[in-house]
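Worksheet for the structure shown next.
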Amino acid sequence: MAGTMLNAPVKRRPSYWLWVLTFLFTGLSLTQLALVDRTLSLTTFIPLLVLMTCGGGVIYLLNLHFNAMPDDPVLLPLTFFLCGLGLVLIRRLAPAFINRQLFWLVIATGLLLAMVLIPKNLNWLRRYKYTWLFGGILLLASTLLFGVNPSGFGARLWLQAGPVFFQPSELLKLLFLVFLAAYLADRRRQLVEVRAYIGRLSMPHPNYLGPMLVMWGFSMVLLIWQRDLGAALLFFGTFLGMLYASTGQSSYIWGGVLLLGLGGLVGYELFGVVRIRVDGFLNPWLDASGSSFQIVQSLLAFASGGFFGEGIGQGLPTAIPVVHTDFVYAAIGEEFGLLGALGVLVCFMLLIGRAFAIAFRAKNDFEQLLAVGIGTMLALQTIVITAGTLKLMPLTGVTLPFVSYGGSSLIVSFTMIGLLLFMVRHDRVAGNGSGDGRVSLYSRRPYQPPVFYLSLAKILFVGLIVVAGGLILWQIAAPPFLEERDDNPRQVVAEQRIERGRLLTRDGIPIAETIIDEDDVARRHYPYPGLSSVTGYYSIRYGVGGVEATFDSILRGEVDQTDEQQVVDDLLHRPLVGRDVTLTIDLPAQVAADVALDDQEGAVVIMEIETGAVLVMSSHPTYDPNTLDETWDTLRQDARAPLVNRATQGLFPVGDVSRLIGLIGLYDSGVTRPLNPMTDPLEAMLAPLGPTGYATTARQLGLIDPLPGLASQPGRLPDFSDKGTVKDLAVTPLHMARVVAALELDGQLPTPMLALDAEPEFIPSFRPSTADLTRPWLSQVDEGLIGFSGQASPEETGQQSLSWFIGLAPTTVTEPIIEPTSVALTESGLIFDPTQIEQVTPTPIVETQVDRAKYVVVAVVVTETPEANPALSIARASLGALME
1460 MAGTMLNAPV
1470 KRRPSYWLWV
1480 LTFLFTGLSL
1490 TQLALVDRTL
1500 SLTTFIPLLV
1510 LMTCGGGVIY
1520 LLNLHFNAMP
1530 DDPVLLPLTF
1540 FLCGLGLVLI
1550 RRLAPAFINR
1560 QLFWLVIATG
1570 LLLAMVLIPK
1580 NLNWLRRYKY
1590 TWLFGGILLL
1600 ASTLLFGVNP
1610 SGFGARLWLQ
1620 AGPVFFQPSE
1630 LLKLLFLVFL
1640 AAYLADRRRQ
1650 LVEVRAYIGR
1660 LSMPHPNYLG
1670 PMLVMWGFSM
1680 VLLIWQRDLG
1690 AALLFFGTFL
1700 GMLYASTGQS
1710 SYIWGGVLLL
1720 GLGGLVGYEL
1730 FGVVRIRVDG
1740 FLNPWLDASG
1750 SSFQIVQSLL
1760 AFASGGFFGE
1770 GIGQGLPTAI
1780 PVVHTDFVYA
1790 AIGEEFGLLG
1800 ALGVLVCFML
1810 LIGRAFAIAF
1820 RAKNDFEQLL
1830 AVGIGTMLAL
1840 QTIVITAGTL
1850 KLMPLTGVTL
1860 PFVSYGGSSL
1870 IVSFTMIGLL
1880 LFMVRHDRVA
1890 GNGSGDGRVS
1900 LYSRRPYQPP
1910 VFYLSLAKIL
1920 FVGLIVVAGG
1930 LILWQIAAPP
1940 FLEERDDNPR
1950 QVVAEQRIER
1960 GRLLTRDGIP
1970 IAETIIDEDD
1980 VARRHYPYPG
1990 LSSVTGYYSI
2000 RYGVGGVEAT
2010 FDSILRGEVD
2020 QTDEQQVVDD
2030 LLHRPLVGRD
2040 VTLTIDLPAQ
2050 VAADVALDDQ
2060 EGAVVIMEIE
2070 TGAVLVMSSH
2080 PTYDPNTLDE
2090 TWDTLRQDAR
2100 APLVNRATQG
2110 LFPVGDVSRL
2120 IGLIGLYDSG
2130 VTRPLNPMTD
2140 PLEAMLAPLG
2150 PTGYATTARQ
2160 LGLIDPLPGL
2170 ASQPGRLPDF
2180 SDKGTVKDLA
2190 VTPLHMARVV
2200 AALELDGQLP
2210 TPMLALDAEP
2220 EFIPSFRPST
2230 ADLTRPWLSQ
2240 VDEGLIGFSG
2250 QASPEETGQQ
2260 SLSWFIGLAP
2270 TTVTEPIIEP
2280 TSVALTESGL
2290 IFDPTQIEQV
2300 TPTPIVETQV
2310 DRAKYVVVAV
2320 VVTETPEANP
2330 ALSIARASLG
2340 ALME
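In the working numbering, each residue's number is its place in the sequence shown (first place is 1) plus 1459.
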């Protein structure tokens, strides 16, 4: 009764829902891709129609022939699912090749059906094993002699037949699988039982060890003559796996690994291509733009995909050369994410598991070893290509079965599936010989020898699990490190899609704006190119500078974006929309300063005293930020350094302006001078401070620190130990503007403010009495303008003369009344420590109280000859637009 039930006919209907999912996934992916590319039309679905025709034809013919599908309901749907994914990716990555791949798919499907429907058994494969061996050797020799490369350069791994190129190594895989399965099936007992001895050392007999050495030599031929590292690894690895499955002797494995390692060392020493790939595996970051470019870009693609992926058509896998063949798994990782990449691995695990399950039920040793060989070959090929793209092993240049572009690979892979299906068809209890009786795929056949290949399957599955761990590493753990790399082209593409905010003057006039072209690419436009000292620049290639850099996060729209909103925007691929930034710049005054400076090297700064708002920030020479990409190299090499904003980054020796700095230090230390400090000899006037006191004063005034909130240069102290003088102190014009403004703010330094909506900030620097004592020494220059003019000589600048002017407006000043008194001297001489100076003279007496100034102006200009007036003239012109 039990036997009757076991042999009862069991009809299995096709797993239609798996086929529906396969076609649905392919159709939806093609639709999404067409929507992203804006190319949706009837031709979009041609790959789907071909796939459905091939899959439907297989279902119909197998049902027609057998009145039921083969006993394995998953093998075919899995195969066509992976093939559909491959068609979508080829349409995405290399659309010019999609028609060729469809042609090869039709041919491959025909061969699969022929392999299942035509033969009555596989004895003919086993009988002619040496014919297949000879054919493989002949193919290899033909490739060595007549091999070509369709691209015209690189390894010559193809043979040409008219307009068709095919890769013999793919057919070689199949021929040698058949030969090895037949040979090992015939020699299984001898390989286990017949031993040779060297002393007490037992080893396989040379008569049966020979094929192992031949296969090793064959692999070395592939490695040495054709530089085909991937094929060599696949052939030898599959051979070792089948040898272990046949004998269960781990000594074969260890010996083979030793030989493979020896061959690898020889290849590393002798062949540059092997050395490059191994070095790229060990440390790809050393030459990320050269020999390791592909692997680095592959890792960047995985990191970009993250957990959910960018979406089909939304990533940038095309940045990887030949991505549609060797790096298609990186494209999957980027556009389908960790979930998609793991899903593909699971599909291959199921496919490989089915191959070993078929081996478990095979009716003879030959079919068992052939199924094991097919499963091992598919597993190794999957591991090698996926691990290579994840930097888990050196790159080898093999394709991902069913998914990568390539007719040769597709045909051979389908033929392997056809062989497995044939074995499933004939995997039944003999019964009456009609073929109607079936047993489960998982029922073990009687009298089966030990199944060593199950241990092999476990090893292969461990390899696939390691690949899964690599996915988690590069897609979840490492993205922050990879995404911020300068060589990540995805940053450029993301930047091009950002609708960057505008830069506006205080009156709402745009001086930098973003224009979206017909390709949805955002381009930065500067209506007033002469204002580059204010705007700075924004370039996809060269980054940001100036004010564009100062407010970059606001202009990009990152400031208001929460973490939750960022996740949603990333999932929906919504580009950032930046906010406008209204600057404190007064356009008429800025233009007046630019016109006054003309082609002279220098800078002008005008700041509103009560708020610290920068109204004018002019620096010359200037440049056109609209043409920055074309003129970058010229601008960088220009000796006049037009890219430097001299108002915030230009360090100018103070020269005569050191009088004002020293005077603040003297008054704040509690000492006054009996004579006019603007005309006294500088050395005598500053003697009480000495180098230490002068340096302390410079620090106290914030001259040695970067300007808060701005990308500026800190000041540079003189080297008093090497003939440096107080005039050698080098500062930016905006640093000096803060110091002069503090005279009207009771000794508080205003924080320079460029954003109109910023809150004013002030930093206490010196005593209010010091400000009251110092201000009267500024001279009345014009009606409403007081200030001080000075110069710095070539000895102080190291180059040309400088003309300085610092001033306050609109305001007036009265002459202080001075009571002469003695200089601050002690018995030991001049006092150098300001903390030791006692007040020994009365303070100046101001006759009347004057209104506080509204603006501070600082101008500095390079002059041909020592003059003090050019800076004053430029300051007058700049203030004119504000004081009209």
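Just so it is clear, CB atoms sit at the ideal spot from N, CA and C, and this is done for glycine as well.
Distance, residue j Cα to residue i Cα
| i | j | result |
| --- | --- | --- |
| residue 2077 | residue 2102 | 13 Å |
| residue 1777 | residue 1787 | 10 Å |
| residue 1861 | residue 1749 | 30 Å |
| residue 1721 | residue 1856 | 21 Å |
| residue 1553 | residue 1843 | 23 Å |
| residue 1839 | residue 1919 | 7 Å |
| residue 2026 | residue 2018 | 15 Å |
| residue 1723 | residue 1729 | 10 Å |
| residue 2004 | residue 1633 | 60 Å |
| residue 1519 | residue 1877 | 16 Å |
| residue 1551 | residue 2109 | 50 Å |
| residue 1479 | residue 1872 | 22 Å |
| residue 2323 | residue 2262 | 10 Å |
| residue 1785 | residue 1859 | 7 Å |
| residue 2303 | residue 2122 | Residue placement at residue 2303 is flagged as unreliable, the pLDDT there being 48, under the threshold of 50; the coordinate-derived value follows with that caveat. C-alpha separation (whole angstroms): 13 Å. |
Whether residue i touches residue j by CB criterion (8 Å)
| i | j | result |
| --- | --- | --- |
| residue 1937 | residue 1815 | no |
| residue 2199 | residue 2145 | no |
| residue 2162 | residue 2194 | yes |
| residue 1507 | residue 1489 | yes |
| residue 1980 | residue 1995 | no |
| residue 1599 | residue 1870 | no |
| residue 2120 | residue 2034 | no |
| residue 2201 | residue 2171 | no |
| residue 2067 | residue 2080 | no |
| residue 1484 | residue 1540 | yes |
| residue 2221 | residue 2204 | yes |
| residue 2264 | residue 2169 | no |
| residue 2340 | residue 2048 | yes |
| residue 2337 | residue 2319 | no |
| residue 1881 | residue 1575 | yes |
| residue 2248 | residue 2328 | yes |
N- and C-terminal bounds of the beta strand (DSSP E) containing residue i
| i | result |
| --- | --- |
| residue 2246 | 2244 to 2251 |
| residue 2002 | 2002 to 2004 |
| residue 2261 | 2260 to 2268 |
| residue 1982 | 1981 to 1984 |
| residue 1975 | 1969 to 1975 |
| residue 2318 | 2314 to 2322 |
| residue 2102 | First-last for residue 2102: undefined, no H or E at that position. |
| residue 1625 | 1623 to 1625 |
| residue 1750 | No beta strand (DSSP E) contains residue 1750, which DSSP labels as neither H nor E. |
| residue 1998 | 1996 to 1998 |
Terminal residues of the alpha helix (DSSP H) in which residue i lies
| i | result |
| --- | --- |
| residue 2359 | Here the chain covers residues 1460 to 2343 and nothing more, so residue 2359 does not appear. |
| residue 2241 | Element bounds for residue 2241: not the alpha helix (DSSP H) but the beta strand (DSSP E), 2238 to 2241. |
| residue 2233 | 2227 to 2233 |
| residue 1491 | 1475 to 1496 |
| residue 2331 | 2329 to 2342 |
| residue 1618 | From DSSP, residue 1618 is part of no alpha helix (DSSP H) but of the beta strand (DSSP E) over 1618 to 1620. |
| residue 1500 | It is not in any alpha helix (DSSP H) - residue 1500 carries neither H nor E in the DSSP assignment. |
Distance cut-off 7 Å: residue i Cβ against heavy atoms of the ligand FAD
| i | result |
| --- | --- |
| residue 2062 | Ligands in the displayed structure: none, and consequently the ligand FAD is not present. |
Spell out a yes or no on whether the region 1958 to 1965 and the region 1824 to 1843 are touching, meaning 3 or more CB-CB pairs, one atom from each, closer than 8 Å.
Contact between the region 1958 to 1965 and the region 1824 to 1843 is absent, because fewer than three Cβ pairs lie under 8 Å.
Can you give, in chain order, each stretch of the alpha helix (DSSP H) that sits fully within the region 2159 to 2223 and has at least 4 residues?
2192 to 2201
Ignoring anything shorter than 4 residues, give me the alpha helix (DSSP H) runs that lie fully in the region 1522 to 1604, in order along the chain.
You should have 1534 to 1552, 1557 to 1576, 1582 to 1586.
Which parts of the region 2046 to 2095 are runs of the alpha helix (DSSP H), unbroken and 4 residues or longer, counting only runs that do not cross its ends?
2046 to 2056
Whole runs of the alpha helix (DSSP H) within the region 2109 to 2136, excluding any shorter than 4 residues
2117 to 2127
Three or more C-beta pairs under 8 Å: does that hold for the region 2096 to 2111 against the region 2138 to 2152?
no
Output the residue ranges of the alpha helix (DSSP H) runs that lie fully inside the region 1747 to 1824 and measure 4 residues or longer, sorted by chain position.
1752 to 1764, 1787 to 1820
Does the pairing of the region 1965 to 1972 with the region 1982 to 1995 give three or more beta-carbon distances under 8 Å?
Contact between the region 1965 to 1972 and the region 1982 to 1995 is present, because at least three Cβ pairs lie under 8 Å.
Assess contact between the region 1795 to 1808 and the region 1760 to 1771, defined as three or more Cβ pairs (one per stretch) separated by less than 8 Å. Is contact present?
yes
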